[in-house]
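If you're matching positions, the sequence shown starts at 273 in our numbering and goes up one per residue.
Quick reminder that beta carbons are idealized off the backbone N, C-alpha and C, glycines included.
Predicted model, so just to flag it, every value in this text is computed and none were measured.
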Amino acid sequence: MTIDLRGEWLCAQLTTGQSKTPGIGEALTRTRLSSRLTLTQDGDALSVSWRVVDLSIDTGTRIARAELSPDLVENMSILERPGRVHDGRLELDWAQSVMGAEVDEDESLPEEPDDPRVRDTDRDGEPGVTIKFRGLARGRVFAAQRTRTRLLSDPIGDERPTRIAGLVEWRLEQTVLGATNPLLKLAPTIHPIDERDASWFVMERESASMSDDQARERIETLFDRG
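Spelled out as structure tokens, the structure:
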């Protein structure tokens with residue numbers, strides 16, 4: 273069976289990790305990524321244009337609740353990533369997304385705000401990406417972050433599917449370039465949860481042209497696996 277994935281897609285992605293932050297403790301951190309994808313296909317080879325339309329972080333603790341600037345998503349680069357259809361599944365190769373810096377694939381992230389590789393991704397006048405924390409540990413963190421992901425779908429049963437689901441493998445690196453609260457100056461370590469269903473994605477083919485606001489509303493329902 274030839275599987276045709278060409279077209280426009282909506283994607284909900286949830287990743288869950290165990291975080292440990294000095295002075296704050298351990299917690300389960302969940303990151304929700306809402307994206308619009310354009311897939312082109314040549315045989316089994318895929319090329320995916322990946323554009324983020326919403327991003328949120330649940331730190332899993334009331335001590336420090338994270339908020340991202342609404343301008344961050346507007347200024348994130350479109351990610352071009354390769355993939356394939358293999359053994360009846362969608363496979364997207366490992367790809368990296370970097371916020372707050374401009375670095376090569378294997379290059380370390382900057383650790384100082386005056387490093388020339390630092391970028392003001394959310395364009396708020398501060399180095400890197402600004403993360404606001406509310407709760408007992410209030411303040412702002414200026415960070416550089418690299419996320420690597422690989423996606424593998426469940427078996428696809430249709431020649432032209434309208435919905436695909438599967439698992440996400442991921443890795444995260446982060447450096448703190450500065451912070452307004454001493455409790456927040458040390459970067460947390462975050463590792464994927466070793467459970468099969470802790471990090472997953474759902475893709476749905478766009479059935480009609482829609483705005484980004486409409487796309488965000490529809491993707492929100494996908495997080496309920498609905």
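Check, Outcome
"Alpha-carbon to alpha-carbon, E492 and G498", "Caution applies to G498, whose pLDDT of 49 falls short of 50 and renders its modelled position unreliable; the value that the coordinates give is listed next. Distance between the alpha carbons of G498 and E492: 9 Å."
"Within-7 Å CB hit, D469 to chain D", "The chain labelled as chain D is not found in the depicted structure, where only one protein chain is given."
"Length of the line joining the Cα atoms of K292 and D496", "27 Å"
"Proximity to L277 [Cα-Cα], best of A480, E476, E489 and S483", "E476"
"Member of A367, R412, T402 and D469 whose CA lies at the smallest distance from the CA of A437", "D469"
"Beta bridge counterpart(s) of I436 as assigned by DSSP", "M475"
"Among T461, T434 and L305, nearest to G279 - alpha-carbon criterion", "T434"
"D343, DSSP secondary structure in three states", "helix"
"Limits of the alpha helix (DSSP H) - the one that A487 falls within", "D484 to L494"
"DSSP bridge partner residues for P464 (one or two, in chain order)", "G289"
"Residues near R304 by beta carbon distance below 6 Å, same chain, minus five either side", "L286 and S328"
"Identity of the residue in D326, I275, G332 and P342 nearest G315 by Cα", "I275"
"Given 8 Å, three or more beta-carbon pairs between the segment 453-463 and the segment 395-412", "yes"
"G498, DSSP secondary structure in three states", "With a pLDDT of only 49 at G498, under the threshold of 50, the placement of this residue in the model should not be trusted; the figure read from the coordinates follows. In the structure shown, G498 sits in coil (DSSP, three-state: anything other than H, G, I, E or B)."
"Range of the contiguous beta strand (DSSP E) that encloses G411", "G411 to S425"
"Cβ-based neighbour list, V325, same chain, cut-off 8 Å, excluding 5 preceding and 5 following", "S306, S307, R308, V345, D484, A487, R488 and I491"
"V455 - DSSP class collapsed to helix/strand/coil", "Reading off the sequence, residue 455 comes out as Leu, not Val. If DSSP states are grouped into helix, strand and coil, L455 belongs with the helices."
"6 Å Cβ shell around E384 - same chain, five flanking residues per side excluded", "none"
"Beta-carbon spacing of A373, R395 below 7 Å", "no"
"Where S307 sits in the DSSP three-state scheme", "strand"
"Expected contact under 8 Å - CB spacing of Q368 and T419 to nearest Å", "7 Å"
"Bridge partners - G248, DSSP secondary structure assignment", "For residue 248 there is no data in the structure shown, the boundaries of the chain being 273 and 498."
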